[in-house]
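Here is the structure we will look at.
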Amino acid sequence: MPRIIKSGLIQMSLPKTEGEGTISQIMDAMVQKHIPYIEEAGRQGVQILCLQEIFSTPYFCPGQDAKWYASAESVPGPTTDLMAGYAKKYNMVIIVPIYEKEQPGVLYNTAAVIDADGTYLGKYRKNHIPHTNGFWEKFFFKPGNMGYPVFQTKYAKVGVYICYDRHFPDGARCLGLNGAEIVYNPSATVAGLSQYLWKLEQPAHAVANGYFMGCINRVGEEKPWNLGRFYGSSYFVDPRGQIIAEASENEDELLISEFDLDMIDEVRSTWQFFRDRRPETYGQIVAL
21 MPRIIKSGLI
31 QMSLPKTEGE
41 GTISQIMDAM
51 VQKHIPYIEE
61 AGRQGVQILC
71 LQEIFSTPYF
81 CPGQDAKWYA
91 SAESVPGPTT
101 DLMAGYAKKY
111 NMVIIVPIYE
121 KEQPGVLYNT
131 AAVIDADGTY
141 LGKYRKNHIP
151 HTNGFWEKFF
161 FKPGNMGYPV
171 FQTKYAKVGV
181 YICYDRHFPD
191 GARCLGLNGA
201 EIVYNPSATV
211 AGLSQYLWKL
221 EQPAHAVANG
231 YFMGCINRVG
241 EEKPWNLGRF
251 YGSSYFVDPR
261 GQIIAEASEN
271 EDELLISEFD
281 LDMIDEVRST
291 WQFFRDRRPE
301 TYGQIVAL
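Numbers 21 to 308, taken from my numbering, label the letters of the sequence shown in order.
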């Protein structure tokens, strides 16, 4: 019997920015802007929904202003509790990328995974942290320390890989080895240097590991940072590397796609990459 999944991605522009309210007001405006899209996903029967990187805030990393530390919160915490209510209401798994405060001075770029009954399943902390060309993330985030967990949700085994992580095939492989059937990559990336990679790396991960991916990018320009235009183009890709649904470049959008998880077994039965791996020859990867 086919294992059909209906999944959704939300790409969103910023409704209120620095200078237009307090940090808490800016965050509340972003959360409130998402809610109609979350509810629409629920009404359309989406089973697994993923939001964009640090979804409740601007992408403040082009600056190095410590005041944005105040936007971090505990995970689980107020925002994940709010999302848990919508998950339970619509019987929908929700992946909630958020700025996490573990304790004063210990902050992570995190994604919480909430099951369809509202249960908090756990979190992934972004492992690869850039610090260059306007992406000054080491000022805001510690590198993740939880490995590459996979979460057994009501509908599928789900992994998360966040933005800059996508440039590293090693963690993507770990997610496959850990049993992920769908990997979500919430991102914040602008037109320019890395745009040509947006539709190369993640289809390559999907092919190399035989799983589906949902890839999310925010939209619009965010002042006063003026890093560039977040170009949206969120998409789903299947284990053959085919993009099966894609959002616009410029619009707030809920992208929905249906796909059959049985394709994973079919593809892996053809391309036996996990069988033919030679981990005993890869020591150099971690020795250098």
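Glycine residues also receive a C-beta, built at the ideal position from the N, C-alpha and C atoms.
Exercise for the section: Classify Gln292 as buried or exposed, calling it buried when 16 or more other Cβ atoms lie within 10 Å of its own Cβ. Expected result: Working through the sequence shown from its first residue, we reach residue 292 at position 272. When all chains shown are included, Gln292 counts as exposed.
Handout entry: Other residues of its chain near Thr100: CB distance less than 8 Å, five sequence neighbours each side excluded
Key = Taking the first residue of the sequence shown as 1, we reach residue 100 at position 80. Excluding sequence neighbours, Thr100 sits near Val116, Ile118, Ala132, Ile134, Tyr140.
Problem - Pro56 versus Arg297, Leu71, Asn129, residue with shortest Cα-Cα distance - result: Stepping through the sequence shown from its first residue, residue 56 is reached at position 36. Looking at the Cα atoms, Leu71 is the closest of the given residues.
Practice task
Rounded to whole angstroms, what's the CA-CA distance from Glu241 to Asn205? Just pull it up for me.
Solution key: Indexing the sequence shown from 1 puts residue 241 at position 221. Indexing the sequence shown from 1 puts residue 205 at position 185. Glu241 and Asn205 have their C-alpha atoms spaced approximately 20 Å apart.
Practice task
Classify Thr130 as buried or exposed, calling it buried when 16 or more other Cβ atoms lie within 10 Å of its own Cβ.
Solution key: Here residue 130 is taken as the residue at index 110 of the sequence shown, counted from 1. Buried is the call here.
Exercise for the section: Return the CA-CA distance between Phe80 and Ser94, expressed in angstroms with no decimal places. Expected result: For the purposes of this step, residue 80 is taken as residue 60 along the sequence shown, with counting starting at 1. For the purposes of this step, residue 94 is taken as residue 74 along the sequence shown, with counting starting at 1. Going from the Cα of Phe80 to the Cα of Ser94 covers about 19 Å.
Problem - Ser253 and Glu273 closer than 8 Å at C-beta - result: For the purposes of this step, residue 253 is taken as the residue at position 233 of the sequence shown. For the purposes of this step, residue 273 is taken as the residue at position 253 of the sequence shown. In this structure, Glu273 does not lie closer than 8 Å to Ser253 by Cβ.
Practice task
Give the straight-line distance between the Cα atoms of Cys183 and Asp282, rounded to the nearest whole angstrom.
Solution key: As a working mapping, residue 183 is identified with position 163 in the sequence shown. As a working mapping, residue 282 is identified with position 262 in the sequence shown. So the alpha carbons of these two residues sit roughly 27 Å apart.
Practice task
Could you give the DSSP three-state label for Tyr140: helix, strand or coil?
Solution key: Your numbering for residue 140 matches position 120 in the sequence shown. Strand, per DSSP.
Handout entry: Same chain, Cβ closer than 8 Å to Leu127, five either side skipped, listed in chain order
Key = Numbered from 1 along the sequence shown, position 107 holds the residue referred to as residue 127. Closer than 8 Å at the Cβ level, and outside the excluded window around Leu127, lie Tyr89, Ala92, Tyr119, Glu120, Lys121, Phe160, Phe161, Lys162.
Handout entry: C-beta atoms of Ile276 and Gly28 nearer than 8 Å
Key = If you number the sequence shown from 1, residue 276 lands on position 256. If you number the sequence shown from 1, residue 28 lands on position 8. Yes, they are a contact pair.
Exercise for the section: Give the single residue among Lys243, Glu271, Pro244, Met233 whose Cα lies nearest to the Cα of Asp258. Expected result: Taking the first residue of the sequence shown as position 1, residue 258 is located at position 238. The shortest Cα separation from Asp258 among Lys243, Glu271, Pro244, Met233 belongs to Met233.
Practice task
Might you give, ordered along the chain, the residues of its own chain that have their beta carbon closer than 7 Å to the beta carbon of Tyr110, omitting 5 neighbours on each side?
Solution key: Translated into the one-based positions of the sequence shown, residue 110 becomes position 90. These residues qualify, in order along the chain: Gly62.
Problem - From Gly125, Ile236, Thr77, Thr42, residue whose alpha carbon lies closest to that of Pro203 - result: Counting from one through the sequence shown, the residue named residue 203 turns up at place 183. The question names Pro, yet the displayed sequence has Val at residue 203. Ranking Gly125, Ile236, Thr77, Thr42 by Cα distance to Val203 puts Ile236 first.
Problem - Distance CB(Ala211)-CB(Arg238) smaller than 8 Å - result: To locate residue 211, count along the sequence shown from 1; it is residue 191. To locate residue 238, count along the sequence shown from 1; it is residue 218. Taking 8 Å as the Cβ cut-off, Ala211 and Arg238 do not qualify as a contacting pair.
Handout entry: Runs of beta strand (DSSP E) wholly within the stretch 202–251 (minimum 3 residues, chain order)
Key = 202–207, 232–237, 239–241, 249–251
Handout entry: Nearest candidate by alpha-carbon position, reference Gly244, set Pro78, Ile58, Gln262
Key = Translated into the one-based positions of the sequence shown, residue 244 becomes position 224. The amino acid at residue 244 is misidentified as Gly; the sequence shows Pro. Cα-wise, what sits closest to Pro244 is Pro78.
Exercise for the section: Take Ser268 and list the residues in its own chain whose beta-carbon comes closer than 7 Å to its own, dropping the five residues that flank it on each side. Expected result: If you number the sequence shown from 1, residue 268 lands on position 248. The residues are Gly252.
Exercise for the section: Pull up the distance between the alpha-carbon of Val227 and that of Ile68, whole angstroms please. Expected result: In the sequence shown, the residue the question calls residue 227 occupies position 207. In the sequence shown, the residue the question calls residue 68 occupies position 48. Cα-Cα distance, rounded: 21 Å.
Exercise for the section: Could you tell me if Ser207 is buried or exposed, where buried requires 16 or more neighbouring beta carbons within 10 angstroms of its beta carbon? Expected result: As a position in the sequence shown, residue 207 is number 187, starting the count at 1. Buried, by the Cβ-count rule.
Practice task
Determine which residues share a DSSP beta bridge with Cys70 and list them.
Solution key: Taking the sequence shown and counting its residues from 1, the one referred to as residue 70 is at position 50. Leu29, Ile115.
Practice task
Please state if the CB of Asn229 and the CB of Ala192 are separated by a distance shorter than 8 Å.
Solution key: If you number the sequence shown from 1, residue 192 lands on position 172. If you number the sequence shown from 1, residue 229 lands on position 209. Contact: yes.
Exercise for the section: State the Cα-Cα distance for the pair Ala86 and Met103, rounded to the nearest angstrom. Expected result: In the sequence shown, residue 86 corresponds to position 66, counting from 1. In the sequence shown, residue 103 corresponds to position 83, counting from 1. Those two C-alpha atoms are separated by around 27 Å.
Exercise for the section: Measure the alpha-carbon distance for His54 versus Thr301 and round it to whole angstroms. Expected result: The residue given as residue 54 occupies position 34 in the sequence shown. The residue given as residue 301 occupies position 281 in the sequence shown. Answer to the nearest angstrom: the Cα atoms are 47 Å apart.
Handout entry: Beta-carbon contacts of Lys26 that lie in its chain and below 7 Å, excluding the five residues immediately before and after
Key = Taking the sequence shown and counting its residues from 1, one reaches residue 26 at position 6. Excluding residues within five positions, the ones whose Cβ falls inside 7 Å are Gly65, Val66, Gln67, Ile276, Glu278.
Exercise for the section: Identify every residue that forms a DSSP beta bridge with Glu59. Expected result: Position 39 of the sequence shown holds residue 59. BP columns for Glu59 are empty, so no partner.
Problem - Residues sharing a beta bridge with Lys177, DSSP - result: Locating residue 177 in the sequence shown gives position 157, where the first residue counts as 1. Lys177 pairs with Gln172.
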